[in-house]
Amino acid sequence: MQADDLPAAVRSGDTIAVALRKMRLIINHGLAARAVDQDGGLDARLLLLHGMKLSHADLIATPSHAVSGLEAETLTGMARLRGAGTPLARLTGEAEFWSLPFYVTDDTLVPRPDSELVVEAALSRIGRGMTRVLDVGTGTGCLPLAILSERPQARALGVDISHGALAVADRNARRHGLADRFATCLSDVYGAVQDGDLFDVIVSNPPYIETKVIEGLDSEVRDHDPRLALDGGRDGLEVYRPLIANAAQFLHPAGNLIVEIGYDQASSVGALMAEAGLGTTLLHDLAGHPRVLIGHKSDPI
Ligand SMILES: C[S@@+](CC[C@H](N)C(=O)[O-])C[C@H]1O[C@@H](n2cnc3c(N)ncnc32)[C@H](O)[C@@H]1O
Numbered sequence: 108m109q110a111d112d113l114p115a116a117v118r119s120g121d122t123i124a125v126a127l128r129k130m131r132l133i134i135n136h137g138l139a140a141r142a143v144d145q146d147g148g149l150d151a152r153l154l155l156l157h158g159m160k161l162s163h164a165d166l167i168a169t170p171s172h173a174v175s176g177l178e179a180e181t182l183t184g185m186a187r188l189r190g191a192g193t194p195l196a197r198l199t200g201e202a203e204f205w206s207l208p209f210y211v212t213d214d215t216l217v218p219r220p221d222s223e224l225v226v227e228a229a230l231s232r233i234g235r236g237m238t239r240v241l242d243v244g245t246g247t248g249c250l251p252l253a254i255l256s257e258r259p260q261a262r263a264l265g266v267d268i269s270h271g272a273l274a275v276a277d278r279n280a281r282r283h284g285l286a287d288r289f290a291t292c293l294s295d296v297y298g299a300v301q302d303g304d305l306f307d308v309i310v311s312n313p314p315y316i317e318t319k320v321i322e323g324l325d326s327e328v329r330d331h332d333p334r335l336a337l338d339g340g341r342d343g344l345e346v347y348r349p350l351i352a353n354a355a356q357f358l359h360p361a362g363n364l365i366v367e368i369g370y371d372q373a374s375s376v377g378a379l380m381a382e383a384g385l386g387t388t389l390l391h392d393l394a395g396h397p398r399v400l401i402g403h404k405s406d407p408i
């Protein structure tokens, strides 16, 4: 490609409105080069707000404000990375989940909207009293923190095999004023959860992608989400096995195990639940795909 085919960089002295237009062109150029049929207008706007530390209201009020040399460089760099496939959340360092902002780092999965179904299922099964929630593979802490944000009497423990992820979950708990009801613990599934500790709900969105499928994933996932958060082993079920087989010993009698599943895992994960003596309920996402399996120790409530 000729250098003069490249969209112009943002320059010192450009107004915000001009910078925004240039960023959108840079992103769209990168997306088109990767044959991604998408418009980068919204991402350009969100990156500009992040790069210049502005609110939406500031942007509307000051479209003729000029950007500095340093800001111009930052904005151009972020737009080029976004066009080249770096996910928006990796550039801004945060993502929205359950309408709350969560810090994300290279150690965490970017929370996905589909996982909100796990939160909905948990909320519909716990009352408003004192309840205890365990999240296995907590990542950013998005699942238990979303639940705690809706249930002022509830407490939660988030466990993960990644030190880095737990540090992010703790930061997110402080960000949302929930640190006094949320604890974290480094643990391989239930390995470090105390015997005799009982929970009303265990939630989990474990890594569930078959190892051999990972190479074929979209590069925005494969190259940016941590392998630990994606790789479910040879058959995608490696974390589900101990998660499901040992759930009953950490659940109250009326407790529920609520897990996110891949679109084609309802029968394999359901079979693991049946083997563990759990009754099951399957929930579908908005696209109609199986998305959440609930295991009950006793009859569903
Ligand atoms: C798919 S991510 C889910 C993160 C977060 N719960 C969410 O929904 O965005 C899976 C998480 O499980 C963690 N993990 C992987 N293997 C684990 C294991 N054996 N025990 C505990 N956590 C594990 C990963 O580090 C990662 O944070």
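First residue of the sequence shown? That's 108 in this note's numbering, and the numbers climb one at a time after it.
Cβ atoms here follow ideal geometry from the backbone N, Cα and C, with glycine treated the same way.
No experiment lies behind these values; they were computed from the predicted model shown.
Kindly list the residues whose CB is nearer than 7 Å to the CB of residue i, restricted to its own chain and excluding five residues on each side of it in sequence; keep chain order.
i    : result
L400 : V366, I368, A373, V376, G377, M380, T387 and L389
I408 : Low confidence applies to I408: its pLDDT is 49, below 50, so where it sits in the model is not reliable enough to give any reading.
May I ask which residues mark the beginning and end of the beta strand (DSSP E) holding residue i?
i    : result
T388 : G386 to H391
H270 : Per DSSP, H270 belongs to no beta strand (DSSP E); it is in the alpha helix (DSSP H), H270 to R282.
What do you reckon, are the CB atoms on residue i and residue j nearer than 7 Å?
i    : j    : result
G236 : Q260 : yes
V225 : T247 : no
G192 : S294 : no
F289 : A253 : no
A115 : K129 : yes
H331 : P218 : no
P349 : V300 : no
G340 : I316 : no
L364 : I309 : yes
D214 : A280 : no
Sort the options by Cα distance to residue i and report the nearest one.
i    : options                   : result
R152 : W205, P220 and S162       : S162
H157 : T318, G184 and G395       : G184
D165 : G284, I123 and R341       : I123
G303 : R334, G190, A355 and K129 : A355
F306 : H283, H270 and A229       : A229
L182 : D150, E201, D213 and E382 : D150
Y370 : H396, V328, P170 and V125 : H396
E180 : G234, A139, S119 and T199 : S119
L177 : N353, A126 and V296       : A126
L285 : A272, G265 and H270       : G265
G343 : N363, K319 and A352       : K319
A186 : T212, L138 and R334       : L138
CB-CB under 8 Å to residue i, same chain, minus the five flanking residues each way: which ones, in chain order?
i    : result
S222 : F204, C249, L250, N312 and E367
Starting from residue i, trace the alpha helix (DSSP H) both ways and give me its first and last residue.
i    : result
A394 : Segment: none, A394 is in no alpha helix (DSSP H) and carries neither H nor E.
D165 : H163 to A168
P208 : That residue, P208, is in no alpha helix (DSSP H); its beta strand (DSSP E) goes L207 to Y210.
L216 : Looking at the DSSP string, L216 is not in any alpha helix (DSSP H), and its letter there is neither H nor E.
L153 : G148 to M159
T199 : L195 to T199
I365 : Here I365 belongs to no alpha helix (DSSP H); instead the beta strand (DSSP E) covers L358 to E367.
Going along the chain, which residues of its own chain have a beta-carbon closer than 6 Å to the beta-carbon of residue i, five neighbours each way excluded?
i    : result
A336 : L216 and P314
I277 : A small fix is needed here, since residue 277 is Asp in this sequence, not Ile. So the qualifying residues of the chain are T291.
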